[in-house]
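Asks: Pasting a structure below so you can have a look.
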């Protein structure tokens, strides 16, 4: 027999100023009673009801639950008591509108020890009791207010609670629906259920056998308090509440999370957020790896085949030792050298596309470069309309960036007043960018301009760059080889290591940034959902959910969504990689271990993002949560 007894109970609040809501409340409600708490608004009815239902523990005085002081109960035992002893019917129904009628009823016995089949059977029987068994598969949002309140009663009936606490259960209903609800409560009372009902309606209060009247926090009319029965220990009392085993409770909570999110936009929001993050990370990771291979491969096939020698720079230097046929022959004899092109850098000259004439200034300044070009000069320059190797005297190559106006359209230019034929336009110098701004002529024509330095561009066989870079200065000018500067590519291994190091750093930075943004985004979304679902958390706490249950619920919603988003994100990232690499004619490179890493990372990101919102949710006061929704 479950009895409720309050003795000299006070309830005070301190915000914004200290105020007494309940003052010296003493009453007793026996098992099977139909008690009505009545009074005007602000009399303290809802506060008293919350204390009786173990939703509010911040009071002074003594509350005996079946002879056991509730002050002796742990937080876990409070939850178990609400799950097995107390059923709540709220004025605002507090049903989950995006779930079916049956799912809402099943929530009532979510934390009891029955099997899944037993829970379902009891839920269907409860729906039959309230006359709504044919609506089991309908969404709650499609029902009328009276039907929703009957569903709330069915939720309590399914849990087989000893005590049913109803807070203004007919307040939002029409007279017909109110009569049906009251009739159901009377039927429950006739089968032995204790009904504790709050109302300000005298007609509703007349149905009760016990009436407790409140006014300004005081009881002005209530049955006398009997002597308390023999007190049991808290452990003995709570042993009567069969608990859900840990594994079963975990499984039920995770299933409930899945049902709750399967039809909600937040599930898609979490999944999309993670999907975008993982897709970006996967694509960038695999793309950077692929690009690094392309860079090193391109280097191995192209860039590592060029070695440049520079003579000492000075004014009016003698270039003859550097362009002598014997010197060039010695370079060509170095093992690994395929061809040699020599360029001598001269001073600035005045160039125009038209003959110079008094009073007109159509000229520009250009750097003159003397050239000794072999048949492979295309290895250092690209030009149009046709290759122009072996420059003849009187012919020039014009850099594409020279501002000569119609020079590219006319076959001649004037250099310091002398006419030269344009052999070709230099479009690209392939690493020697100054040539695009220069005027290239034969060494014979360039001899009249002072030289500053000479460069020899050597094309070498793959893998021979390092060896040629050591031997070529001796071959070019044996007497002054120590003054020759060499520009040679690094070793392929060192380059690959350098590129891979840059890629790893880029991947690490990218992953950290993307994951951090994803965590913040998921955390923000989860916090927003927690604020929107305060009432839901309050309802769950009222039906027996512990803090651990709330935490598992949120994690159970976010973690699967994050994993699904991770799987989709990996697929999207790899598809994008294939498309991009196909367009660039690359071979995509990806590591299966990387994919597994990102799938694991998506779960970790989801868990980290859910951590703070979970803490916030677990700290929500159920009373405040329920009150805020009314």
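In my numbering, the protein residues as written are 273 to 902.
Note that the Cβ used here is the ideal one computed from N, Cα and C, for glycine as well.
Small disclaimer: the values here were computed from a predicted structure and weren't measured.
Thinking C-beta only, is residue 331 closer than 8 Å to residue 281?
Replies: Working through the chain shown from its first residue, we reach residue 281 at position 9. Working through the chain shown from its first residue, we reach residue 331 at position 59. Yes, they are a contact pair.
Asks: Less than 8 Å between the C-beta atoms of residue 868 and residue 834, yes or no?
Replies: For the purposes of this step, residue 868 is identified with residue 596 of the chain shown, where counting begins at 1. For the purposes of this step, residue 834 is identified with residue 562 of the chain shown, where counting begins at 1. Against a cut-off of 8 Å, the Cβ pair of residue 834 and residue 868 comes out as no contact.
Asks: Any beta carbon from chain C within less than 8 Å of residue 322's own beta carbon?
Replies: Here there is only one protein chain, and chain C is not present.
Asks: Using CA atoms only, rank isn't needed, just tell me which of 806, 427, 455 and 445 is closest to residue 417.
Replies: Taking the first residue of the chain shown as position 1, residue 417 is located at position 145. With distances taken between Cα atoms, residue 417 lies closest to 445.
Asks: What first and last residue would you give for the beta strand (DSSP E) that runs through residue 620?
Replies: Taking the first residue of the chain shown as 1, we reach residue 620 at position 348. Looking at the DSSP string, the run of the beta strand (DSSP E) that includes residue 620 is 609-624.
Asks: So is residue 777 buried or exposed if we call it buried at 16+ other beta carbons inside 10 Å?
Replies: Here residue 777 refers to the residue found at position 505 of the chain shown. Counting Cβ neighbours within 10 Å, residue 777 comes out exposed, since fewer than 16 surround it.
Asks: Assuming residue 600 contacts residue 709 (C-beta within less than 8 Å), just tell me the rounded distance between them.
Replies: For the purposes of this step, residue 600 is taken as the residue at position 328 of the chain shown. For the purposes of this step, residue 709 is taken as the residue at position 437 of the chain shown. So it is not a contact: roughly 26 Å between Cβ atoms.
Asks: Judging by CA-CA distance, which residue of 700, 889 and 591 is the nearest neighbour of residue 817?
Replies: Residue numbering aside, residue 817 sits at position 545 when the chain shown is read from its first letter. For residue 817, the closest alpha carbon among the candidates 700, 889 and 591 is that of 889.
Asks: Taking its Cβ as the centre, do 16 or more other Cβ atoms sit within 10 Å of residue 751, making it buried, or is it exposed?
Replies: Against the chain shown, residue 751 aligns to sequence position 479. Its Cβ having fewer than 16 others within 10 Å, residue 751 is exposed.
Asks: Is the beta carbon of residue 466 sitting closer than 8 Å to the one on residue 363?
Replies: Position 194 of the chain shown, counting from 1, holds the residue named residue 466. Position 91 of the chain shown, counting from 1, holds the residue named residue 363. Not closer than 8 Å, so no.
Asks: Where does residue 510 sit, in a helix, a strand or coil, going by DSSP?
Replies: Residue 510 sits at position 238 when you count from the first residue of the chain shown. Note on residue 510: pLDDT 43, under 50, position unreliable in the model; the coordinate value appears next. Helix at residue 510.
Asks: Would residue 691 be called buried (16 or more neighbouring beta carbons within 10 Å of its own) or exposed?
Replies: Here residue 691 corresponds to residue number 419 of the chain shown, with the count starting at 1. Its Cβ having fewer than 16 others within 10 Å, residue 691 is exposed.
Asks: Between residue 503 and residue 337, what straight-line distance do the alpha-carbon atoms span, to the nearest angstrom?
Replies: Start at 1 with the first residue of the chain shown, and residue 503 comes out as number 231. Start at 1 with the first residue of the chain shown, and residue 337 comes out as number 65. Because the pLDDT of residue 503 is 37, which lies under 50, any placement of that residue in the model is unreliable, and the number read from its coordinates should be weighed accordingly. Looking at the two C-alpha atoms, the distance is approximately 10 Å.
Asks: For residue 726, name the three-state secondary structure that DSSP assigns.
Replies: Taking the chain shown and counting its residues from 1, the one referred to as residue 726 is at position 454. Reduced to three states, the DSSP call for residue 726 is strand.
Asks: How far does the alpha helix (DSSP H) with residue 856 in it reach, from first residue to last?
Replies: Stepping through the chain shown from its first residue, residue 856 is reached at position 584. Residue 856: not part of any alpha helix (DSSP H); DSSP gives it neither H nor E.
Asks: Could you tell me the boundaries of the alpha helix (DSSP H) in which residue 739 lies?
Replies: Mapped onto the chain shown, residue 739 falls at position 467. Counting along the chain, the alpha helix (DSSP H) containing residue 739 begins and ends at 737-748.
Asks: I'd like to confirm the pairing. Which residues does DSSP put opposite residue 341 in its beta bridges?
Replies: Translated into positions along the chain shown, residue 341 becomes position 69. In the DSSP output, where bridge partners are listed per residue, residue 341 has 336.
Asks: Roughly how far, in whole angstroms, is the beta-carbon of residue 822 from the beta-carbon of residue 882, given that I think they are within contact range, below 8 Å?
Replies: Here the question's residue 822 lines up with position 550 in the chain shown. Here the question's residue 882 lines up with position 610 in the chain shown. Contact doesn't hold; Cβ gap of about 12 Å is too wide.
Asks: Report yes if the CB atom of residue 713 is closer than 8 Å to the CB atom of residue 663, and no otherwise.
Replies: Residue numbering aside, residue 713 sits at position 441 when the chain shown is read from its first letter. Residue numbering aside, residue 663 sits at position 391 when the chain shown is read from its first letter. In contact: residue 713 and residue 663 (Cβ atoms closer than 8 Å).
Asks: Do you know offhand how far residue 650's Cα is from residue 554's?
Replies: Translated into positions along the chain shown, residue 650 becomes position 378. Translated into positions along the chain shown, residue 554 becomes position 282. Between residue 650 and residue 554, the C-alpha separation is close to 40 Å.
Asks: In whole angstroms, what separates the C-alpha of residue 721 from that of residue 618?
Replies: The sequence position of residue 721 within the chain shown is 449, counting from 1. The sequence position of residue 618 within the chain shown is 346, counting from 1. Cα to Cα, residue 721 sits roughly 6 Å from residue 618.
Asks: Beta-carbon within less than 6 Å of residue 871's beta-carbon, same chain only, minus the 5 sequence neighbours each way: which residues are those?
Replies: The count along the chain shown starts at 1 and reaches residue 871 at position 599. Around residue 871, the same chain offers 838 as residues with beta carbons nearer than 6 Å, after the five sequence neighbours per side are excluded.
Asks: Of all the options 667, 625, 627 and 701, which has the alpha carbon lying nearest to the alpha carbon of residue 653?
Replies: Position 381 of the chain shown, counted from the first residue, corresponds to residue 653. Checking every option, the nearest Cα to that of residue 653 belongs to 701.
Asks: Check whether the Cβ atoms of residue 423 and residue 373 sit closer than 8 Å, and answer yes or no.
Replies: Residue numbering aside, residue 423 sits at position 151 when the chain shown is read from its first letter. Residue numbering aside, residue 373 sits at position 101 when the chain shown is read from its first letter. Cβ atoms of residue 423 and residue 373: closer than 8 Å.
Asks: Among 683, 894 and 743, which residue has its Cα nearest to the Cα of residue 580?
Replies: Position 308 of the chain shown, counted from the start, is the residue given in the question as residue 580. For the residues 683, 894 and 743, the minimum Cα distance to residue 580 belongs to 743.
Asks: Given residue 885, which residues of its chain have a CB within under 8 Å of its CB, disregarding the five upstream and five downstream residues?
Replies: Taking the chain shown and counting its residues from 1, one reaches residue 885 at position 613. Taken in chain order, the residues that qualify are 795, 798, 799, 801, 802 and 826.
Asks: Taking C-beta to C-beta, are residue 353 and residue 321 nearer than 8 Å?
Replies: Taking the first residue of the chain shown as 1, we reach residue 353 at position 81. Taking the first residue of the chain shown as 1, we reach residue 321 at position 49. Taking 8 Å as the Cβ cut-off, residue 353 and residue 321 do not qualify as a contacting pair.
Asks: Whole angstroms is fine: what's the gap from residue 715's alpha carbon to residue 616's?
Replies: Residue numbering aside, residue 715 sits at position 443 when the chain shown is read from its first letter. Residue numbering aside, residue 616 sits at position 344 when the chain shown is read from its first letter. When rounded, the distance between both Cα atoms is 8 Å.
Asks: Quick one, which of 727, 655, 812 and 832 has its alpha-carbon nearest residue 368's?
Replies: The sequence position of residue 368 within the chain shown is 96, counting from 1. When each option's Cα is compared against that of residue 368, the closest is 812.
Asks: For residue 306, which residues of its own chain have a beta-carbon under 6 Å away from its beta-carbon, when the five flanking residues on both sides are left out?
Replies: Looking up residue 306 in the chain shown gives position 34. Once the five neighbours on either side are set aside, the close Cβ partners of residue 306 are 461, 467, 480 and 481.
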